[in-house]
Amino acid sequence: MILVTGASGNVGTALLTRLHSDGLTARAAYRDPHTTAQVIKAGGRAVTLDLAMPDTICPALDGIETVFLLGATSPDQTTHELNLLEAARAVRVRVVKLSVWRADERLSPIARLHQPVEQALIASGLPWTILRPNFYLQNFLRQPSIREAGEFSFPLITAPISFIDIDDVARVAARVLTTDGHDGRVYDLTGPKALTYAEAAEEFSDVLGKPVRYVGLQDDEARAAMLSRGMPEFHIDALMGVARAYRDGGAETVTSTVADLTGRGAVGFADFVRRNHNCFD
1 MILVTGASGN
11 VGTALLTRLH
21 SDGLTARAAY
31 RDPHTTAQVI
41 KAGGRAVTLD
51 LAMPDTICPA
61 LDGIETVFLL
71 GATSPDQTTH
81 ELNLLEAARA
91 VRVRVVKLSV
101 WRADERLSPI
111 ARLHQPVEQA
121 LIASGLPWTI
131 LRPNFYLQNF
141 LRQPSIREAG
151 EFSFPLITAP
161 ISFIDIDDVA
171 RVAARVLTTD
181 GHDGRVYDLT
191 GPKALTYAEA
201 AEEFSDVLGK
211 PVRYVGLQDD
221 EARAAMLSRG
231 MPEFHIDALM
241 GVARAYRDGG
251 AETVTSTVAD
261 LTGRGAVGFA
271 DFVRRNHNCF
281 D
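Residue 259 in full-length UniProt numbering is what sits at position 259 of the sequence shown, and the numbering runs on without skipping anything.
Here you go:
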């Protein structure tokens, strides 16, 4: 049995959908007992699990052979994920951890949350696999200004980024969780091509048939915009740290991992826009 933590998030939801479509059974872990009850009532397998509360972890691991480890981004994420690893060592389960791009280099606040967990997992003696996806294409879905004003804004970055679709991350995760040969492996996950934000705007324009432009925000402008949307300071600091890391390059690497592991290439930028056309136009 597979335990999927972070089941209510974008990646967790996509992974559960993929496993279900493949005819595979998994137990979904939710922090909210009400959500757990709803899933069970609908015929699904679910358990209440709060990584901040170690006493909820062992019951969730009962009968589990493999764990997909995905903690919520927060100041305590490292501690929360280490709580699960401690329990996992006691019952000797396999762990597939969703990390972030270049986590081992600690280039951003988010990477610095994941790197200690990666190190602990590698040293745990458990069978393990680490997935390090690049910047999610789905972040563009949080830009209603594409539809409303024909523009999108992110912190100013001119370096290219090999954006990846969350569905491709889910496809890889499903394959790794359900097949052999992945123990001790670190997989860097990217889309098929690296684009600058300006080039991404051109892709939007071509697919949507209307002009779309990229507005690169200076750091103080980006911070003010996020504050105006009510984003917590921690998340703002984390995202600005990612922007600074990407600004220096290193996010342009393209890997063939998605195709190598799943037999189908990663979704390209234009295809992503086509699939989500109604969100952008």
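Where a beta carbon is used, it is the ideal one built from N, C-alpha and C, also for glycine.
### Query
Is Ser99 closer than 7 Å to Glu118 when the C-beta atoms are compared?
yes
#### Entry: For Glu203, the first and last residue of its enclosing alpha helix (DSSP H)
Tyr197 to Leu208
### Query
Comparing alpha-carbon positions, which option in Pro232, Glu151 and Gly125 lies nearest Glu203?
Glu151
### Identity of the residue in Ala37, Gly44 and Gln38 nearest residue 337 by Cα
With the chain covering only 1 through 281, there is no way to say anything about residue 337.
### Task
Please list, in chain order, all residues of the same chain as Thr36 whose beta carbon is under 7 Å from its beta carbon, the five residues on each side excluded.
Tyr30, Ala46, Val47 and Thr48
### Message
Given this structure, state the Cα-to-Cα distance separating Ile2 from Ala174, to the nearest angstrom.
### Response
10 Å
### Message
Please classify Met53 as buried or exposed, where buried requires at least 16 other C-beta atoms within 10 Å of its C-beta.
### Response
exposed
### Message
Suppose the cutoff is 7 Å on Cβ atoms and the five residues either side in sequence are ignored; what does the same chain contact list for Gly6 look like?
### Response
Gly12, Leu70, Gly71 and Ala72
### 7 Å Cβ cutoff met for Thr190 and Asn276
no
### Message
Can you tell me whether His182 is buried or exposed? The criterion is at least 16 other CB atoms within 10 Å of its CB, across all chains shown.
### Response
buried
### Query
Can you list, in chain order, the residues of its chain whose CB lies under 8 Å from that of Trp128, leaving out five sequence neighbours each side?
Arg94, Val95, Val96, Lys97, Leu121, Ile122, Asp183 and Gly184
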